[in-house]
Amino acid sequence: MAINKILVSQPKPSSDKSPYYDIAEKYGVEIVFRPFIKVEGLTSKEFRQHRVSIPEHTAVIFTAKAAIDHFFRIAEETRFNVPETMKYFCTTESIALYLQKYIVYRKRKIFFGKSGKLDDLIPAMLKHSGEKYLYVVSEANKNDDSVLDKNKINYSRAVMYRTVSNDFTEDEPFDYDMLLFFSPSGIKSLMKNFPDFKQDDIKIGCFGAATAKAITDEGFRLDLEAPTAKAPSMTAALDLYLKKYFKK
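In this note's numbering, the protein residues as written are 13 to 260.
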């Protein structure tokens with residue numbers, strides 16, 4: 013089966029300079045952006061039920077841009093004025109830069125890692141051991157927090173949002189030759205929407221080890237996986253895959 017139509021299970025890029033558009037033009041394929049999951053914020057009432065007090069914390073840990081959005085939303089809804097002294101620890105530079113949507117970006121109070129893992133942040137956290145950290149997570153978060161416990165970081169987990177299935181409508185076509193996933197939740201949504209889904213010749217790719225495991229656990233064939241040494245991003249991995257595929 014030829015690869016003509018690719019589903020990327022993420023929102024459409026905000027910029028028309030996305031590498032996905034270059035790939036579509038380069039190989040003459042159609043790329044459709046259609047998330048399998050969507051983020052839903054907890055209400056302020058739901059958040060209060062967890063009995064976590066934001067004002068008691070002096071620093072925040074972010075592992076996703078969605079966490080930033082819902083932290084500042086909950087702060088506003090609970091009438092907490094985030095002080096300028098608040099420090100922010102982000103697992104990537106991209107997440108750190110996203111803070112500019114809400115605050116003035118100052119390097120002395122914003123720290124970020126390179127690998128996207130909490131481990132990268134530990135040295136900076138230990139230098140600021142006097143802080144009390146608020147770790148903003150999703151309801152289904154399964155990150156390995158043991159690294160925080162192991163290093164005796166003083167933190168509280170704050171559940172502020174959840175991911176839910178972004179269901180397909182009955183008249184919505186599902187005629188893709190390739191599917192790209194970015195989280196285990198996306199695989200769960202696929203099975204919820206299409207319980208009788210059979211892969212056959214459909215190619216499946218993913219980003220991240222956890223997503224790869226979710227795919228193989230369902231018994232599906234994994235055709236493309238990122239990141240790798242040669243392809244640190246999904247677009248780089250897709251470009252390499254299509255280059256080989258169209259050379260056949």
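Glycine included, C-beta positions come from ideal geometry on N, C-alpha and C.
By Cβ distance below 7 Å, which residues in the same chain neighbour residue i in space, the five residues on each side in sequence not counted?
i, result
"Ile134", "Val159, Asn163"
"Ala92", "For clarity, residue 92 is Phe in the given sequence; the question names Ala instead. Excluding positions up to five away in sequence, the list reads Ile66, Pro67."
"Met13", "Asp189, Asp213"
Under 8 Å, do residue i and residue j count as touching if we go by C-beta distance?
i, j, result
"Phe219", "Met190", "no"
"Asp251", "Ile18", "no"
"Phe193", "Ile227", "yes"
"Glu37", "Asn16", "no"
"Thr262", "Ile49", "This structure gives no information on residue 262, because the portion of the chain shown stretches from 13 to 260."
"Tyr33", "Val20", "no"
"Glu230", "Met203", "yes"
"Ser56", "Ile80", "no"
"Ile107", "Phe84", "no"
"Ala249", "Ala241", "no"
"Asp235", "Asn205", "no"
Apart from the five residues just before and just after residue i, which ones in its own chain have a Cβ nearer than 6 Å to its Cβ?
i, result
"Leu130", "Val159"
"Leu254", "Tyr39"
"Tyr188", "Lys17, Leu19"
"Gln46", "What sits at residue 46 in the sequence shown is Arg, not Gln. Counting only Cβ-Cβ distances below 6 Å, and skipping sequence neighbours, we find Leu19."
"Glu105", "Phe124"
"Val94", "Ala87"
"Thr70", "Glu143, Lys144"
For residue i, does the three-state DSSP call read helix, strand or coil?
i, result
"Gly198", "helix"
"Phe232", "coil"
"Ile80", "helix"
"Ile15", "coil"
"Phe45", "strand"
"Phe258", "coil"
"Lys215", "strand"
"Ala238", "strand"
"Lys50", "strand"
"Phe209", "coil"
"Ala221", "helix"
"Ala36", "helix"
"Ala71", "strand"
Please list, in chain order, all residues of the same chain as residue i whose beta carbon is under 8 Å from its beta carbon, the five residues on each side excluded.
i, result
"Ala136", "Phe101, Phe123"
"Ala78", "Val51, Ser150, Tyr173"
"Leu54", "His82, Ile86, Glu151, Val171, Met172, Tyr173, Arg174"
Does any heavy atom of the ligand FMN sit closer than 7 Å to the C-beta of residue i?
i, result
"Thr103", "Ligands are entirely absent from the displayed structure, and the ligand FMN is therefore not among its contents."
Quiz item: Can you list the beta strand (DSSP E) stretches of 3 or more residues lying completely in the segment 86-164, in chain order?
Solution: Qualifying beta strand (DSSP E) stretches, in chain order: 99-102, 122-124, 145-150.
Quiz item: Pairing CB atoms from the segment 96-109 with CB atoms from the segment 137-151, are three or more of them under 8 Å?
Solution: With the rule of 3 Cβ pairs closer than 8 Å, the segment 96-109 counts as touching the segment 137-151.
Exercise. Only counting runs of 3 or more residues, tell me where the beta strand (DSSP E) segments fall wholly within the segment 165-198, in order along the chain.
Key: Counting whole runs of 3 or more residues, the segment 165-198 contains the beta strand (DSSP E) stretches 167-177, 190-193.
Self-check item: the segment 166-182 in contact with the segment 60-79 per 3-pair CB rule at 8 Å
Solution: The segment 166-182 makes contact with the segment 60-79, as at least three CB pairs between them are under 8 Å.
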